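Below is one structure, written out as structure tokens; comments come after it.
There are 2 protein chains.
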Amino acid sequence: MELSERKLKIMQAIIKTYLETGEPVGSRTISKYSDLSLSSATIRNEMSDLEEMGYIVQPHTSAGRIPTDKGYRLYVDTMMEGKEQEVLDLKEELRAKADRMDTLLKSVAKLLANQTNYATMVSGPQYKSKRVKFIQLTEVDESHLLTIVVLDGNVVKNEMIKITESVDVETVAKLNFLLNTALNGLDVSEMNLAIIQQIKEQAGGYNSIIDAVLNVVGNALTQDDDFEVYTSGAKNILNYPELADKENMVQLLDTFEEKKLISKWDEPVNETGDENHAIQVYIGNETQVDSMKDCSMVTATYKINEGVYGKIGIVGPKRMDYDKVVATLESLMKELDDIFKEKST
Amino acid sequence: MELSERKLKIMQAIIKTYLETGEPVGSRTISKYSDLSLSSATIRNEMSDLEEMGYIVQPHTSAGRIPTDKGYRLYVDTMMEGKEQEVLDLKEELRAKADRMDTLLKSVAKLLANQTNYATMVSGPQYKSKRVKFIQLTEVDESHLLTIVVLDGNVVKNEMIKITESVDVETVAKLNFLLNTALNGLDVSEMNLAIIQQIKEQAGGYNSIIDAVLNVVGNALTQDDDFEVYTSGAKNILNYPELADKENMVQLLDTFEEKKLISKWDEPVNETGDENHAIQVYIGNETQVDSMKDCSMVTATYKINEGVYGKIGIVGPKRMDYDKVVATLESLMKELDDIFKEKST
DNA sequence: TGTTAGCACTCCAAACGAAAGAGTGCTAAC
DNA sequence: GTTAGCACTCTTTCGTTTGGAGTGCTAACA
Chain A
-7 MELSERKLKI
3 MQAIIKTYLE
13 TGEPVGSRTI
23 SKYSDLSLSS
33 ATIRNEMSDL
43 EEMGYIVQPH
53 TSAGRIPTDK
63 GYRLYVDTMM
73 EGKEQEVLDL
83 KEELRAKADR
93 MDTLLKSVAK
103 LLANQTNYAT
113 MVSGPQYKSK
123 RVKFIQLTEV
133 DESHLLTIVV
143 LDGNVVKNEM
153 IKITESVDVE
163 TVAKLNFLLN
173 TALNGLDVSE
183 MNLAIIQQIK
193 EQAGGYNSII
203 DAVLNVVGNA
213 LTQDDDFEVY
223 TSGAKNILNY
233 PELADKENMV
243 QLLDTFEEKK
253 LISKWDEPVN
263 ETGDENHAIQ
273 VYIGNETQVD
283 SMKDCSMVTA
293 TYKINEGVYG
303 KIGIVGPKRM
313 DYDKVVATLE
323 SLMKELDDIF
333 KEKST
Chain B
-7 MELSERKLKI
3 MQAIIKTYLE
13 TGEPVGSRTI
23 SKYSDLSLSS
33 ATIRNEMSDL
43 EEMGYIVQPH
53 TSAGRIPTDK
63 GYRLYVDTMM
73 EGKEQEVLDL
83 KEELRAKADR
93 MDTLLKSVAK
103 LLANQTNYAT
113 MVSGPQYKSK
123 RVKFIQLTEV
133 DESHLLTIVV
143 LDGNVVKNEM
153 IKITESVDVE
163 TVAKLNFLLN
173 TALNGLDVSE
183 MNLAIIQQIK
193 EQAGGYNSII
203 DAVLNVVGNA
213 LTQDDDFEVY
223 TSGAKNILNY
233 PELADKENMV
243 QLLDTFEEKK
253 LISKWDEPVN
263 ETGDENHAIQ
273 VYIGNETQVD
283 SMKDCSMVTA
293 TYKINEGVYG
303 KIGIVGPKRM
313 DYDKVVATLE
323 SLMKELDDIF
333 KEKST
């Protein structure tokens, strides 16, 4: 069966009404709906067709219709009317936080949750290729050495190393020199045993320190546990009765707390390169997460530098206000672009 | 009226039963309760007294009784029978995480939530007096200086400073020397304008860098925003019907997400010095937080060093299993003591 | 041939009422 | 001081009823 112009219009009317009310929408409601002047009976016939085509369903006989995932998808793909972008008044607030990435992202999560009344997840920046830019060893007191590792993109990691006996200044300088000449510019796969052996030979007698430092370097290069995810607004989900039953709620909260969605975020960002921040909409099972089968998620990707990116996700009921969410996200992304640009210049 | 031996026993029976069932408990239930062989009628008389004294209430006439906050307090203060401590099998898991404080605390929150089936909050370590131990400036590349500030207790903070033109190695060394001689050992109140002026004079021409460094130092000393709080197990609260109504739930989740409880944690720890980790029980409104009026919270304090401490809190319904929670916490605290001891030696 | 009015039918949700059950307070007897 | 007994209260549960919303179908209409 063909999707006639009129059917499209009816679909749009159904979805719009349902987004607002959350109640199954009946033929009479649509009939009264401005544009098309058709009787409820005609609408009924069309709705019957649309149901057969899989765009809407009845929760039970003699109830109105609600959109299926396929119906939402149709709406998002072809009927969403890009709202003029909200002028977000976040600049002030965000910029105040901009000096520290973690607080910035926390604020983003929070502001976005307040703004949209949905739940949000923001993942911290991911670094694609990690190379050592620079290593520094410093004696803090007679039993502690501080190891600082600066990675590509000026990511700084530090860790204390315990030492059993004090090391003199020259030795520290020597070790610093050794480590830097040997390791700078390498990524984790390039630090092979040969190089390590070479360092140890030249270091002469400070093997335990070298080991400890290499350990720190290794951690810095591989550890992903500072792959932080900031969430906010979980409580907002409770406002949507269709999600608020206990069963589902426990699972949703769990998904949120455990940030399980994130595993799915690892997928390589398809660098189609458009300036559109790759905003994507996942409806119901499209999220690939079971507990989210009654939710939708809208994600966007922010980019700090080449190869350094993170994601922002907004989670709400399927009947979320896609227009608004997408517009808000687009606006926010521009904001973030500006902030990152300022920071890097 | 006096709290006779018998009344105490009845109270205990009421509370224990209520902790298990969560239902108002009637006189007949208590009458059948092993120890005391009294008829339900007698129990009724006693219960009537206990109600008058404010230890229990009826949700409505002709319902059983439930404990009031005062009743719970009586139980916690005088009737709790210290369970033999649970042997927690957390050692392995915790030690694996022990090398990084933040992951360690996250694990603590999570394990504790799983173990108890309540919600948990763990606050990161607080440093009471902050002094600069050591400052290091390093040139990372031609437009970035890395400032590292080590505080008392080997807390490390770092921040990048942007510079407009490259600085040569000797200058960096000189600035390092200047900063360290001037600032080491000082706390934030001692860094007055006189000292700052003196540094600037001696630095000669690098005022903007000095300013930037001082800014970083100031942040390091005052910023409390790495006063992190880790939460876990919020979903567990949903399992207790008396808390799971929407109204309350939204507020509780909010309290949790915003970590609002924490503001109350700032109170000076009363260093009564016992080795008992200052385990405290807050019942209902004793938490001082409105949304928690139907909850109880048990907190413990862990100490990493002198003056470096943090708190662990377990939040559950008023009818939480206080015995178990306290025992679990005690056991955990010993575990943590061990871990911290190992780390610092 | 497409549109509409009308009607019978279905199903849910809210309202109502009856009945059961749990528990109390009081009185009188032990 | 303790207990048995009884009347009373209040909640919970369950089935019944009723109203309304909405559909599908049929027949009439343009």
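In order, the protein sequences belong to chains A and B.
Following my numbering, the numbering of the first sequence begins with -7 at its first residue and continues without gaps.
Following my numbering, the numbering of the second sequence begins with -7 at its first residue and continues without gaps.
No residue lacks a Cβ here, since even glycine has one placed at the ideal position from N, Cα and C.
Note that the coordinates shown come from a computational prediction; the quantities given were computed from them, not determined experimentally.
If you run the structure through DSSP and keep just helix, strand and coil, what is residue i?
{"i": "T60 (chain B)", "result": "coil"}
{"i": "G177 (chain B)", "result": "coil"}
{"i": "R123 (chain B)", "result": "strand"}
{"i": "G210 (chain B)", "result": "helix"}
{"i": "Y10 (chain A)", "result": "helix"}
{"i": "N297 (chain B)", "result": "strand"}
{"i": "V281 (chain B)", "result": "coil"}
{"i": "K75 (chain A)", "result": "coil"}
{"i": "Q50 (chain B)", "result": "coil"}
{"i": "V17 (chain B)", "result": "strand"}
{"i": "K251 (chain A)", "result": "coil"}
{"i": "V100 (chain A)", "result": "helix"}
{"i": "V159 (chain B)", "result": "coil"}
Checking 8 angstroms against the spacing of the C-beta atoms, do residue i and residue j come in under that value?
{"i": "E249 (chain A)", "j": "D94 (chain A)", "result": "no"}
{"i": "D286 (chain A)", "j": "E234 (chain A)", "result": "yes"}
{"i": "I306 (chain A)", "j": "Y64 (chain A)", "result": "no"}
{"i": "V114 (chain A)", "j": "I304 (chain A)", "result": "yes"}
{"i": "T214 (chain B)", "j": "V180 (chain B)", "result": "yes"}
{"i": "N172 (chain A)", "j": "I127 (chain A)", "result": "yes"}
{"i": "A226 (chain B)", "j": "L245 (chain B)", "result": "yes"}
{"i": "V209 (chain B)", "j": "L129 (chain B)", "result": "no"}
{"i": "V201 (chain A)", "j": "I153 (chain A)", "result": "What sits at residue 201 (chain A) in the sequence shown is Ile, not Val. In contact: I201 (chain A) and I153 (chain A) (Cβ atoms closer than 8 angstroms)."}
{"i": "Q190 (chain A)", "j": "A212 (chain A)", "result": "no"}
{"i": "K125 (chain B)", "j": "N176 (chain B)", "result": "yes"}
{"i": "G116 (chain B)", "j": "L97 (chain B)", "result": "yes"}
{"i": "Y25 (chain A)", "j": "R311 (chain A)", "result": "no"}
{"i": "L230 (chain B)", "j": "M241 (chain A)", "result": "yes"}
{"i": "G276 (chain B)", "j": "Y119 (chain B)", "result": "no"}
{"i": "I48 (chain A)", "j": "I22 (chain A)", "result": "no"}
{"i": "M(-7) (chain A)", "j": "L66 (chain A)", "result": "no"}
{"i": "V281 (chain A)", "j": "T247 (chain A)", "result": "yes"}
Output, in chain order, the set of chain B residues within a Cβ distance shorter than 8 angstroms of residue i.
{"i": "H136 (chain A)", "result": "N146"}
{"i": "N150 (chain A)", "result": "I140, V148, N150"}
{"i": "V242 (chain A)", "result": "K227, L230, N231"}
Could you tell me which residues DSSP pairs with residue i in its beta bridges?
{"i": "H136 (chain A)", "result": "A:D133, A:K154"}
{"i": "V273 (chain B)", "result": "B:V290"}
{"i": "A111 (chain B)", "result": "B:V307"}
{"i": "Q128 (chain B)", "result": "B:I140"}
{"i": "S339 (chain A)", "result": "There is no way to answer for residue 339 (chain A), as the model of chain A reaches only from -7 to 337."}
{"i": "G302 (chain B)", "result": "B:Y294"}
{"i": "Q189 (chain B)", "result": "DSSP lists no partner for Q189 (chain B)."}
Residues of chain A with CB under 7 angstroms from residue i, in chain order?
{"i": "F126 (chain B)", "result": "V132"}
{"i": "I188 (chain B)", "result": "Correct list: empty, because the minimum Cβ distance to chain A is about 21 angstroms."}
Please list, in chain order, the chain A residues whose beta carbon lies closer than 8 angstroms to that of residue i.
{"i": "S224 (chain B)", "result": "E249"}
{"i": "A236 (chain B)", "result": "K238"}
{"i": "N246 (chain B)", "result": "It should be pointed out that residue 246 (chain B) corresponds to Asp in this sequence rather than to Asn. Ordered by position in chain A, the residues that pass the 8 angstroms Cβ test against D246 (chain B) are K227."}
Quick one: list the residues of chain A neighbouring residue i, beta-carbon separation under 9 angstroms, in chain order.
{"i": "D203 (chain B)", "result": "Per Cβ cutoff of 9 angstroms: no residues; D203 (chain B) is ~15 angstroms from chain A at best."}
| request: Please confirm if the region 161 to 172 of chain A is in contact with the region 159 to 168 of chain B, defined as three or more CB-CB distances below 8 angstroms between the two stretches. | output: no
| Contact the region 27 to 44 of chain A vs the region -2 to 16 of chain A: 3+ CB pairs below 8 angstroms | yes
| query | Using 8 angstroms as the Cβ pair cut-off and three pairs as the minimum, do the region 325 to 332 of chain A and the region 86 to 104 of chain A touch? | reply | yes
| query | Is the region 315 to 327 of chain B touching the region 132 to 151 of chain B in the sense that three or more CB pairs, one from each, lie closer than 8 angstroms? | reply | no
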